[in-house]
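*Asks:* What follows is a single structure, and I will ask about it in a moment.
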C-alpha cells in the first residue's frame with residue numbers, strides 16, 4: 007500500500023489525440039534545494055513556482071523542525087533562515103515520506119552542526135541505502151546509528167568540530183555530492199567533491215547564487231567541485247522552472263498516442279537533466295524546443311511534442327545515464343512503441359531508487375507483451391512498433407511514483423488498458439498528474455471511485 011494512505015488502483019485506456027498545454031509542476035530537485043538553502047541563509051528567501059508535492063512539503067516540514075520559519079502566501083513561499091550552523095535540534099522525528107533526495111540533502115545540511123536528529127520515511131524510503139551518504143558524512147565527524155545497511159529509521163549525530171573533506175563519489179549521484187557540499191558549508195577550509203561522471207549541478211548553481219564560493223573544474227580525475235566553508239548565505243528570490251522529470255510523462259504520451267500535439271512550457275533544460283529529450287530526438291521523436299531562454303541561472307524552453315510513428319530503437323550512451331536517471335522508466339515505455347531494440351547500459355543506480363526500477367519495469371513490460379532483457383546495470387526493450395503493444399495487464403507500482411505514471415502512459419496507446427495497483431505515490435512528485443493528463447484528453451481513471 008501507499009506510504010501516504012490506502013492504495014489507489016488506477017487504469018489508463020487507449021485515448022484519442024492528446025492536445026493542449028501541459029502546465030507541469032515546478033522542478034522537484036530545485037524546490038528541495040531552495041527550501042534547504044533558504045533555511046541556511048540569513049534573512050528571508052522568497053520562492054515562487056515551488057513544487058507543492060508531498061516530497062517537497064516534507065522537506066519544508068523538516069526545515070521548520072530545525073528552526074526555520076516557512077510560510078506560504080498567495081503562491082509565494084517565504085523562508086526565514088537561521089544561517090549556516092544555526093540549525094536547532096528538532097524535538098520530533100523527521101519524517102521524509104518517500105523522498106530520497108529530501109532525506110539525503112537534509113542529513114548533509116545538519117551533519118556539521120553539533121545536534122542530533124532521527125530520520126524516518128515511508129515503507130519504500132526505509133528500504134533505501136543511506137550508507138552512501140552517512141559514510142562520507144562520517145569523514146566530517148558525524149555519526150549515524152540505524153538499522154543494518156544504514157537504512158532508516160536512523161539517528162544522525164552532527165559533528166561539533168567538523169573537519170573539511172575531500173571525497174570522490176564511488177557512483178554518480180547528485181544526492182551524495184549535494185549532501186557532502188551542504189555539510190561542507192559549516193566545515194572550516196575547503197570541502198572537495200570529485201565525481202568521475204558529472205551529475206546534475208543544481209546544488210552548485212544555487213550555492214553560488216546564495217553567495218557561497220564554489221568552483222567546478224574538469225580535470226583528469228573527473229569533475230572537481232571545491233566549496234569554501236562557513237560563508238554567510240544571502241537570501242534570494244527564486245523562480246523555480248518546471249520539472250523536466252514531470253514533463254517527461256505528457257511529452258512521452260504525446261509521442262506514442264496517434265495524432266497528438268502537446269506544448270509543455272517553461273521546462274528546465276539544464277544539460278545535466280535533459281538527457282531524455284536528447285535520447286528521444288535520436289530515436290526520431292518529433293520534439294522541438296521553442297522560446298529558449300535563461301531564468302534564474304537555469305536554461306529553459308517550451309517543449310512541443312507531436313505523435314511520432316517512426317520511432318527507432320537506439321543504444322543509449324552510458325555516460326548519459328546521470329542526466330536522465332529518473333526518466334528511464336518512461337523511456338522504456340516509448341521504446342516499446344519503437345521499431346527495434348533500445349539498449350540502456352550503465353544504469354545500476356536504477357536498482358536502488360524508490361524501487362528496483364529495472365525489475366519493476368521489466369515485469370510490467372513483459373506482462374504487456376514486450377520482450378525485455380536485463381543485467382545488473384543494463385536492460386534492453388524490444389519494441390513492437392506503433393500499434394503493436396498488447397497491454398491488458400495489471401502491474402505493481404512498488405510504491406514508486408515513476409513506475410505508476412509510466413505504465414499509465416503506456417495504457418494510453420496500448421491495445422488494451424493498463425492498470426497499476428497503487429497510484430497513490432504519484433502525489434509525492436506530480437500531485438496534478440491526473441487533472442493535467444485529463445485536460446489533454448487522456449483517459450485515466452481511479453478504479454476505487
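Numbering (the numbering used here), first residue to last: 7 to 455. Where is the CB? At the ideal position from N, CA and C, for every residue including glycine.
#1: Buried or exposed for residue 94, please, with buried defined as at least 16 other CB atoms from any protein chain shown within 10 angstroms of its CB.
#2: I'd like the span of the alpha helix (DSSP H) that includes residue 262, first residue to last.
#3: Ignoring anything shorter than 3 residues or poking outside the region 192-248, list the beta strand (DSSP E) runs there in chain order.
#4: Taking the alpha carbon of residue 362 as the reference point, which residue from 402, 42, 117 and 182 has its own alpha carbon closest?
#5: Quick check on residue 402: does DSSP put it in helix, strand or coil?
#6: Under 8 Å by Cβ, that's how I've got residue 43 and residue 114 pegged, so tell me the actual separation to the nearest angstrom.
#7: How would you label residue 98, buried or exposed, when you count the other beta carbons within 10 angstroms and need 16 or more for buried?
#8: What's the C-alpha gap between residue 104 and residue 67?
#9: From what residue to what residue does the alpha helix (DSSP H) around residue 335 run?
#10: Label residue 382 either buried or exposed according to how many other C-beta atoms from any shown protein chain fall within 10 Å of its C-beta, with 16 as the threshold for buried.
#11: Got a sec? Which residues, its chain only, sit under 6 Å from residue 375 by beta carbon, not counting five neighbours each side?
#12: Note down, one range per segment and in chain order, each beta strand (DSSP E) of at least 3 residues found wholly within the region 384-453.
#13: Round the Cβ separation of residue 33 and residue 249 to the nearest angstrom and send it over; I've been treating them as touching at under 8 Å.
#14: Any idea if residue 169 is buried or exposed, counting beta-carbon neighbours within 10 angstroms, 16 or more meaning buried?
#15: Quick check: the Cα distance between residue 36 and residue 213, rounded to an integer number of angstroms?
#16: What's the gap between the Cα of residue 284 and the Cα of residue 292?
#17: Could you check the C-alpha separation between residue 269 and residue 215 for me, to the nearest Å?
#18: Since residue 17 sits in a beta bridge, which residues does DSSP pair it with?
#19: Considering only residues of the same chain and omitting the five flanking positions on each side of residue 4, which have a CB-CB separation below 7 Å?
#20: Cβ atoms of residue 123 and residue 74: under 9 Å apart, would you say?
#21: Have a look at the DSSP bridge pairing and note the partners of residue 79.
#22: What is the DSSP secondary structure of residue 278, reduced to helix, strand or coil?
#23: Given a cut-off of 9 Å on the beta-carbon distance, is the pair residue 391 and residue 313 in contact?
*Replies:* Once the coordinates are examined:
#1: On the chain shown, residue 94 is found 88 positions in, with the first residue counted as 1. Burial call: exposed.
#2: Walking along the chain shown from the start, residue 262 turns up at place 256. That run of the alpha helix (DSSP H) goes 250-262.
#3: 196-201, 220-225, 228-234 and 243-245
#4: Working through the chain shown from its first residue, we reach residue 362 at position 356. Comparing Cα-Cα distances from residue 362 to each of 402, 42, 117 and 182, the minimum goes to 402.
#5: As a first step, residue 402 is located in the chain shown; it is residue number 396 there, counting from the start. DSSP places residue 402 in coil when its eight states are reduced to three.
#6: Along the chain shown, read from residue 1 onward, the residue named residue 43 stands at position 37. Along the chain shown, read from residue 1 onward, the residue named residue 114 stands at position 108. Contact doesn't hold; Cβ gap of about 12 Å is too wide.
#7: As a first step, residue 98 is located in the chain shown; it is residue number 92 there, counting from the start. Per the 10 Å Cβ criterion, exposed.
#8: Residue mapping note: residue 104 aligns to position 98 of the chain shown, counting from 1. Residue mapping note: residue 67 aligns to position 61 of the chain shown, counting from 1. Answer to the nearest angstrom: the Cα atoms are 14 Å apart.
#9: Along the chain shown, one-based indexing puts residue 335 at 329. Taken as a continuous stretch (DSSP letters only), the alpha helix (DSSP H) holding residue 335 covers 334-342.
#10: The count along the chain shown starts at 1 and reaches residue 382 at position 376. Exposed.
#11: Here the question's residue 375 lines up with position 369 in the chain shown. The residues are 396.
#12: 384-390, 424-426 and 449-452
#13: Residue mapping note: residue 33 aligns to position 27 of the chain shown, counting from 1. Residue mapping note: residue 249 aligns to position 243 of the chain shown, counting from 1. Indeed they touch by this definition, with Cβ atoms about 4 Å apart.
#14: Start at 1 with the first residue of the chain shown, and residue 169 comes out as number 163. Burial call: exposed.
#15: The sequence position of residue 36 within the chain shown is 30, counting from 1. The sequence position of residue 213 within the chain shown is 207, counting from 1. Taking the straight line from one Cα to the other gives about 11 Å.
#16: Looking up residue 284 in the chain shown gives position 278. Looking up residue 292 in the chain shown gives position 286. The straight-line gap from Cα to Cα measures roughly 11 Å.
#17: Here the question's residue 269 lines up with position 263 in the chain shown. Here the question's residue 215 lines up with position 209 in the chain shown. Their backbone Cα atoms lie some 30 Å apart in a straight line.
#18: Within the chain shown, residue 17 is the residue found at index 11, counting from 1. Its beta-bridge partners are 425 and 451.
#19: Here the chain has residues from 7 to 455 only, and residue 4 is not among them.
#20: To locate residue 74, count along the chain shown from 1; it is residue 68. To locate residue 123, count along the chain shown from 1; it is residue 117. Not a contact, by the Cβ cut-off of 9 Å.
#21: Sequence index remark: in the chain shown, residue 79 carries index 73 (1-based). Answer is 82, bridged to residue 79.
#22: Along the chain shown, read from residue 1 onward, the residue named residue 278 stands at position 272. Note: residue 278 maps to coil in three-state DSSP.
#23: The sequence position of residue 391 within the chain shown is 385, counting from 1. The sequence position of residue 313 within the chain shown is 307, counting from 1. For residue 391 and residue 313, no; Cβs fall outside 9 Å.
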